[in-house]
Amino acid sequence: MHWIDPHFEPLLAIVAATIDETGCLIEANRGFLRLIEADLSQAQGVQVGHFFIHPDFATLVDKSAGIDGEIHKGLLTVGEYMGRTRSLHGRIWRNGNLLQVLAEFDIEELEALCATTLDLNRDYANAQLELAQSNLKLKRSCSNWFSN
């Protein structure tokens with residue numbers, strides 16, 4: 055059973071996966087595989103339930119589906135408990151004994167992070183310039199002091 059649209063398969067900013075209730079990966083696009091750091095050739099059948107941090111996989115499996123099958127809408131935190139995690143905006147639907155995940159990275163969060171990084175780089179460059187200027191002034195004053 056293929057739920058993921060072929061147009062979504064190569065995308066990295068979109069996360070799509072079908073997972074059974076035991077946490078076994080049925081299918082996934084490149085975005086999901088990148089998120090869990092898995093290779094396409096070894097991904098099908100791997101246990102991925104433990105990657106769902108908030109809500110955790112057991113909570114998702116226990117949730118009752120709405121009329122449209124939806125069991126979750128909103129933020130998803132996915133990754134390793136003691137490692138790298140990512141927060142995504144997404145939805146999860148139940149289709150029989152399968153959970154279908156569709157989520158995206160928060161572009162506004164990524165843009166804010168990029169802006170913060172640029173600001174920090176600018177501050178670092180300014181601090182380096184000030185330090186170099188202070189060092190030059192110190193060398194001049196020391197050479198003047200020793201020449202007297």
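Taken in order, the sequence shown gives residues 55 to 202; the numbers are from the numbering used here. Idealized CB from N, CA, C, for every residue including glycine.
Worksheet item: Does the segment 144-152 come close enough to the segment 63-77 that 3 or more CB-CB pairs lie under 8 Å?
Response: yes
Worksheet entry | Where the alpha helix (DSSP H) through L142 begins and ends | Premise fails: L142 lies in the beta strand (DSSP E), 139-149, not in any alpha helix (DSSP H).
Worksheet item: Just curious, the alpha helix (DSSP H) that D74 is in, first and last residue?
Response: No alpha helix (DSSP H) contains D74, which is instead part of the beta strand (DSSP E) from 68-74.
Item to complete: Let me know the secondary structure DSSP gives I125 once reduced to three states.
Response: strand
Discussion item. Distance check for N189 and I107, CA to CA, integer angstroms please.
Written reply: 49 Å
Item to complete: If I'm right that A82 touches A71 with Cβ under 8 Å, what's the distance once you round it to whole angstroms?
Response: Separation of the CB atoms of A82 and A71 is rounded to 4 Å, and the pair is thereby assigned contact status at 8 Å.
Fill in: Bridge partner(s) assigned by DSSP for T131
H108, S141
Fill in: Range covered by the alpha helix (DSSP H) that runs through E184
Segment 161-201, the alpha helix (DSSP H) holding E184.
Fill in: Proximity winner among E184, Q96, T139, relative to L130 (alpha-carbon distances)
Taking only the C-alpha atoms, the option nearest L130 is T139.
Worksheet item: From E115 to T171, what distance separates their C-alpha atoms?
Response: Reading off the sequence, residue 115 comes out as Val, not Glu. If I take the Cα positions, the gap works out to 38 Å.
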